[in-house]
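Before any comments, here is the structure.
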Amino acid sequence: MIIIIDCMGGDNAPREVVRGAYLASLEYNASFVLVGDRAAIEKVAADDGIDLRRFDIVNTQTVIEMTDDPVSVVRAKSDSSMSTALRLLADGRGDAVVSTGNTGALFTGATLIVRKIKGVRRAAIASILPMTPPVLLLDSGANVVVTDEYIEQFAVMGSIYMHKVYGLPAPRVGLLNNGSEECKGTELQLKSYRRLSELPSINFVGNVEGDKIPKNACDVLVTDGFTGNVLLKCIEGMGKLMLTTMKDIFYADTLSKLSGMLIKGKVSDVKKRFDATEHGGAPLLGISKPVIKAHGSSNANAVKNAIRQAINYANTGVILSIAREIKSFGAAPQAPAADGDAENAERSHENAAGKQ
456 MIIIIDCMGG DNAPREVVRG AYLASLEYNA SFVLVGDRAA IEKVAADDGI
506 DLRRFDIVNT QTVIEMTDDP VSVVRAKSDS SMSTALRLLA DGRGDAVVST
556 GNTGALFTGA TLIVRKIKGV RRAAIASILP MTPPVLLLDS GANVVVTDEY
606 IEQFAVMGSI YMHKVYGLPA PRVGLLNNGS EECKGTELQL KSYRRLSELP
656 SINFVGNVEG DKIPKNACDV LVTDGFTGNV LLKCIEGMGK LMLTTMKDIF
706 YADTLSKLSG MLIKGKVSDV KKRFDATEHG GAPLLGISKP VIKAHGSSNA
756 NAVKNAIRQA INYANTGVIL SIAREIKSFG AAPQAPAADG DAENAERSHE
806 NAAGKQ
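The sequence shown begins at 456 in the working numbering and counts up one residue at a time.
Below you can see the structure in the form of structure tokens.
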């Protein structure tokens, strides 16, 4: 198992990325390729006492910034660390890619360099919502505008992922909506509901309202990328607000501080539960090889967890199962990559993917 790591993307690159790769090398049975500025990687290693003999290094000089146009991954910055990592994966020189970089660029690059699974209309960013039990949300930011056919494929891919990676025998699939009744929602929700109801390969449980998500209403939640991204950021923000509020309460006075000390362990458990980085990164489901998007602000532990997720994803046969299932109900034409494809890939997510 070879994991390719884009060391230059994200807010804390390359230091936290290299540290995370090192932690992963101590814990997981895999080989690692670090892609990025060799001098910067070697400086981190020297400062932290990291033995780089554990890694192969592919030197690059260009970095895709968080503010760069997503399509730069295949145009102006096609020699960047992210682009190089994706090409290595596409060429069979590794089994998975992990990046903390620009979400839009990674999605565009994965679509145009690594390519989609045959028959998949649109790949999707699949994020684990920080709650217990976990809920897989897709699309969480790749496709602003979707069709009911895309929603159907999201449901299939998400169901397979939760079955293979999390071991759920029949993952419950819910459609995010503003009411539980079958007649609720826009035309997209109405059409999607009909499609999902008629799909025998998934366990569709109907519409799911926002307040039911934390109440174990479903295991897979499907929606468009715009709504999904807003939901994801809202849940992450509420988690941070709750933890900040708890901290303010326990530091209010001496008695509160003493009370806080007594339940410090439980507070830490709650913090971990709402910490998205504990769940690793977000797989780009529908891409023909494993690509994991870790949070842009990932620390070393979060990078390590994203690498763990990449290893699990690559080992569980998710992609092969998706390919078989998509083929079973009709394949979409797979056109060769071209400039027009790059523009379509960029437009599909440019307003929602952003920095994740």
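Virtual Cβ for every residue (Gly too), placed ideally from N, Cα, C. Small disclaimer: the values here were computed from a predicted structure and weren't measured.
In whole angstroms, give me the CA-to-CA distance for PRO788 and LEU630.
Taking the first residue of the sequence shown as position 1, residue 788 is located at position 333. Taking the first residue of the sequence shown as position 1, residue 630 is located at position 175. Because the pLDDT of PRO788 is 43, which lies under 50, any placement of that residue in the model is unreliable, and the question is left without a value.
Between the C-alpha atoms of PRO669 and MET586, what's the straight-line distance to the nearest angstrom?
Sequence index remark: in the sequence shown, residue 669 carries index 214 (1-based). Sequence index remark: in the sequence shown, residue 586 carries index 131 (1-based). C-alpha separation (whole angstroms): 7 Å.
Given ASP679, which residues of its chain have a CB within under 6 Å of its CB, disregarding the five upstream and five downstream residues?
In the sequence shown, the residue the question calls residue 679 occupies position 224. Answer for ASP679: VAL601, listed in chain order.
Over the uninterrupted alpha helix (DSSP H) stretch that includes ALA625, give me the two end residues.
Here residue 625 is taken as the residue at index 170 of the sequence shown, counted from 1. Here ALA625 belongs to no alpha helix (DSSP H), and DSSP marks it neither H nor E.
Taking GLY736 as the reference, give the member of GLN644, ALA765, LEU713, ALA625 with the closest Cα.
Against the sequence shown, residue 736 aligns to sequence position 281. Residue ALA765 is the option with its Cα nearest to GLY736.
Secondary structure at GLY683, three-state DSSP: helix, strand or coil?
Translated into the one-based positions of the sequence shown, residue 683 becomes position 228. Looking at GLY683 - three-state DSSP - the assignment turns out to be helix.
Alpha helix (DSSP H) containing SER480: first to last residue?
Position 25 of the sequence shown, counted from the start, is the residue given in the question as residue 480. Residues 470-482.
Please classify PHE510: does DSSP put it in a helix, a strand, or coil?
Your numbering for residue 510 matches position 55 in the sequence shown. Of the three classes helix, strand and coil, the one that applies to PHE510 here is strand, per DSSP.
Going along the chain, which unbroken runs of the beta strand (DSSP E) with 3 or more residues stay wholly within the region 650-703?
Taking only runs of at least 3 residues, the beta strand (DSSP E) segments lying wholly in the region 650-703 are 658-663, 675-677.
Which value, in whole angstroms, describes the spacing of the CA atoms of ILE458 and ILE777?
By 1-based counting over the sequence shown, the position of residue 458 is 3. By 1-based counting over the sequence shown, the position of residue 777 is 322. If I take the Cα positions, the gap works out to 21 Å.
May I ask which residues mark the beginning and end of the alpha helix (DSSP H) holding PHE562?
The residue labelled residue 562 in the question sits at position 107 within the sequence shown. Here the alpha helix (DSSP H) through PHE562 covers 558-564.
Between GLU471 and the rest of its own chain, which residues show a CB-CB distance below 7 Å, the 5 nearest in sequence each way excluded?
Residue mapping note: residue 471 aligns to position 16 of the sequence shown, counting from 1. Hits under 7 Å: SER753, ASN754, ALA755, VAL758.
Just to confirm my understanding: we take ILE704, look at its own chain, exclude 5 residues before and 5 after, and list those with CB closer than 7 Å. What are they?
Translated into the one-based positions of the sequence shown, residue 704 becomes position 249. Only SER711 meet the Cβ criterion.
Rounded to the nearest angstrom, how far is the Cβ of ILE781 from that of GLY574, given a contact under 8 Å?
Taking the sequence shown and counting its residues from 1, one reaches residue 781 at position 326. Taking the sequence shown and counting its residues from 1, one reaches residue 574 at position 119. With 8 Å as the limit, ILE781 and GLY574 qualify as a contact, their Cβ atoms being about 4 Å apart.
So, are the CB atoms of PRO469 and ILE505 less than 7 Å apart?
Here residue 469 is taken as the residue at index 14 of the sequence shown, counted from 1. Here residue 505 is taken as the residue at index 50 of the sequence shown, counted from 1. Contact flag unset, no.
Among CYS462, ILE774, MET463, whose alpha-carbon lies nearest the alpha-carbon of LYS619?
Along the sequence shown, one-based indexing puts residue 619 at 164. Per the Cα distances, ILE774.
Applying the 10 Å Cβ sphere with the 16-neighbour rule, what's the burial state of LYS816?
With the chain covering 456 to 811 only, the question about residue 816 has no answer from this structure.
Identify whether THR517 lies in helix, strand or coil by the three-state DSSP scheme.
Taking the sequence shown and counting its residues from 1, the one referred to as residue 517 is at position 62. Three-state result, THR517: strand.
Taking ASN467 as the reference, which of PHE681, THR515, LEU507, MET521 has the closest Cα?
Translated into positions along the sequence shown, residue 467 becomes position 12. Checked all of PHE681, THR515, LEU507, MET521; the closest Cα to ASN467 is MET521.
Would you tell me roughly how many angstroms separate the C-alpha atoms of PHE487 and GLY694, rounded to the nearest one?
Residue numbering aside, residue 487 sits at position 32 when the sequence shown is read from its first letter. Residue numbering aside, residue 694 sits at position 239 when the sequence shown is read from its first letter. Spanning the two alpha carbons is a distance of roughly 33 Å.
Starting from ASP502 and walking both ways along the alpha helix (DSSP H), at which residues does that stretch end?
For the purposes of this step, residue 502 is taken as residue 47 along the sequence shown, with counting starting at 1. Here the alpha helix (DSSP H) through ASP502 covers 493-503.
DSSP three-state call for PRO738: helix, strand or coil?
The residue you call residue 738 lines up with position 283 of the sequence shown. Reduced to three states, the DSSP call for PRO738 is strand.
With respect to the alpha helix (DSSP H) encompassing VAL817, which residues constitute its N-terminal and C-terminal limits?
Outside the shown range of the chain (456 to 811) lies residue 817, about which nothing can therefore be said.
Going by DSSP in three states, PHE705 sits in which element: helix, strand or coil?
For the purposes of this step, residue 705 is taken as the residue at position 250 of the sequence shown. Helix.
Looking only at its chain, what residues have a beta carbon closer than 8 Å to the beta carbon of GLU636, apart from the 5 residues adjacent to it on each side?
Translated into the one-based positions of the sequence shown, residue 636 becomes position 181. Cβ within range, chain order: ASN662.
Quick test of your reading: PRO738 and TYR768, contact by CB under 8 Å. State the CB separation rounded to the nearest angstrom.
Counted from its first residue, the sequence shown places residue 738 at position 283. Counted from its first residue, the sequence shown places residue 768 at position 313. With a Cβ gap of about 6 Å, PRO738 and TYR768 count as contacting.
Which word fits CYS638, buried or exposed, when buried means at least 16 other C-beta atoms lie within 10 angstroms of its C-beta?
Working through the sequence shown from its first residue, we reach residue 638 at position 183. Exposed, because fewer than 16 other Cβ atoms sit within 10 Å of the Cβ of CYS638.
With respect to the alpha helix (DSSP H) encompassing SER533, which residues constitute its N-terminal and C-terminal limits?
Residue mapping note: residue 533 aligns to position 78 of the sequence shown, counting from 1. Where SER533 is concerned, there is no enclosing alpha helix (DSSP H), given that its DSSP letter is neither H nor E.
Return no unless some Cβ of chain B is closer than 7 Å to the Cβ of VAL599.
The displayed structure is made up of one protein chain only, and chain B is not part of it.
Which residue from VAL569, VAL677, TYR483, GLY556 puts its Cα closest to that of CYS462?
As a working mapping, residue 462 is identified with position 7 in the sequence shown. Measuring from the Cα of CYS462, the nearest candidate turns out to be GLY556.
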